[in-house]
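Student:
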Ligand SMILES: *Cc1c(COP(=O)(O)O)cnc(C)c1O
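Numbering (the numbering used here), first residue to last: 269 to 634.
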């Protein structure tokens, strides 16, 4: 099945004798004991099962586990590691997960945060107890590109696993497992949900190995699982994911080019631009460059906030991946110890008409 077909049919498991076309929502928390039945909804549920099968298919993995948020998914990988393990992670890692490593796993796990675009630095960061290399590409919010195949080869030599946060690219544009990643992570809250109204997260594994057993145990015993309603709505949303992603990316490249030539703009970050330092690697491992871009306004935080305040269609809010355009000055969200420049604005380019978005930006930048 091609991606568009899989997105529509891969998450619809109908077992009812009335044969509804769309899989019903099963709210029951418990199931009649039978040899092959599901037992209890924390362990499994038909809608979650359908979502997990869909996600495993889209990411070309052997299995998937759905969670109640992207952070719950990421934290489950860290929880499945043996205490004393060392993680190599990006210095610009999604701040919520970086904070989780530093606070929840303090004294339990060790971490080194490095520039993931620099293979030499990654090499130097390995220790005898390095068990996991965490990749996020394109990264948030600087859209840095990590060479998934190169990092995976390095990790394999050293006997470490690779997990890749694929939230920005989605399986429409990038399948990290094809390039050697062992685990793929998603915040389903973003493009999978696509309408800024569902929290969720997911992990997809290349192989059903011993580590995956531990991850599944964290999912079921930890219990940070999504509700049947959320699973249903995610399956529904993902049906349009391939077409939404094409629209997001088509708009993003036009806005990125427009901003690149604007006199009030200092710098634009979008992997689809030929001037982006990771463009060639992105072109090799992605089939599209996504719908997120960042730019620095000439001036500081104040100038950036002024631009944001003038916009009509770009809503000043955190998060990304919805059909509606969102914009935010990222440093303000990330707190005082952030590495993000104060004048950097992140844009989640939506599916409104392109000319409305262009006109809005043009007027706000005057
Ligand atoms: C939002 C996000 C997360 C965290 O997901 P939640 O659903 O908010 O818990 C992790 N990684 C990236 C890249 C994200 O954008």
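We put the CB at the ideal spot given by N, CA and C, even for glycine. In this text, all values refer to a predicted model and were calculated from it rather than measured experimentally.
Tell me, please, whether the stretch 283 to 295 touches the stretch 313 to 329 by the rule of three or more beta-carbon pairs shorter than 8 Å.
Tutor: They touch, by the three-pair rule.
Student: Is any heavy atom in ligand 1 found nearer than 7 Å to the beta carbon of residue 555?
Tutor: Counting from one through the chain shown, the residue named residue 555 turns up at place 287. The answer is no for residue 555.
Student: Should the stretch 553 to 571 be called in touch with the stretch 527 to 540, which here means at least 3 C-beta pairs below 8 Å?
Tutor: As far as the Cβ criterion goes, the stretch 553 to 571 touches the stretch 527 to 540, which means the pair count is three or higher.
Student: Residue 331 bridges to which residues according to DSSP?
Tutor: By 1-based counting over the chain shown, the position of residue 331 is 63. Paired residue(s): 473.
Student: Near residue 362, which residues of its chain fall below 7 Å by C-beta distance, leaving aside the five closest residues on each side in sequence?
Tutor: On the chain shown, position 94 is the one that residue 362 refers to. Answer for residue 362: 404, 408, 433, listed in chain order.
Student: Sorted by chain position, which residues of the same chain lie with C-beta nearer than 7 Å to residue 640's C-beta, five sequence neighbours on each side aside?
Tutor: The structure shown does not extend to residue 640, since the chain is modelled only from 269 through 634, so no value can be given for it.
Student: For residue 491, I'd like the list of residues in its chain whose CB is within less than 6 Å of its CB, leaving aside the five on either flank, ordered along the chain.
Tutor: On the chain shown, residue 491 is found 223 positions in, with the first residue counted as 1. The residues are 310.
Student: Following the continuous beta strand (DSSP E) through residue 564, name the residue where it begins and the one where it ends.
Tutor: Start at 1 with the first residue of the chain shown, and residue 564 comes out as number 296. 560 to 565 is the span of the beta strand (DSSP E), which, as asked, contains residue 564.
Student: Pull up the distance between the alpha-carbon of residue 615 and that of residue 430, whole angstroms please.
Tutor: The residue you call residue 615 lines up with position 347 of the chain shown. The residue you call residue 430 lines up with position 162 of the chain shown. In a straight line, the C-alpha of residue 615 is about 28 Å away from that of residue 430.
Student: Count the C-beta pairs between the stretch 494 to 512 and the stretch 351 to 366 that are closer than 8 Å, then say yes if the count reaches three, no if not.
Tutor: Cβ pair count under 8 Å is below three, so no.
Student: Looking at the structure shown, is residue 587 part of a helix, part of a strand, or coil, going by DSSP?
Tutor: Residue 587 sits at position 319 when you count from the first residue of the chain shown. If DSSP states are grouped into helix, strand and coil, residue 587 belongs with coil.
Student: Ordered along the chain, which non-local residues of its own chain (more than five positions away) have a Cβ less than 6 Å from that of residue 696?
Tutor: Coverage of the chain is limited to positions 269 through 634, which leaves residue 696 absent and any answer about it impossible.
Student: Straight-line CA distance for residue 499 to residue 290?
Tutor: The sequence position of residue 499 within the chain shown is 231, counting from 1. The sequence position of residue 290 within the chain shown is 22, counting from 1. So the alpha carbons of these two residues sit roughly 13 Å apart.
Student: In angstroms with no decimal places, state the Cα-to-Cα distance between residue 507 and residue 356.
Tutor: For the purposes of this step, residue 507 is taken as the residue at position 239 of the chain shown. For the purposes of this step, residue 356 is taken as the residue at position 88 of the chain shown. Each residue's Cα considered, the two are about 35 Å apart.
Student: Under 8 Å Cβ to Cβ from residue 485, same chain only, skipping five residues before and after it: list those, please.
Tutor: Indexing the chain shown from 1 puts residue 485 at position 217. 348, listed in sequence order.
Student: Who are residue 612's beta bridge partners in DSSP?
Tutor: As a working note, residue 612 is residue 344 in the chain shown. DSSP lists 564 as partners of residue 612.
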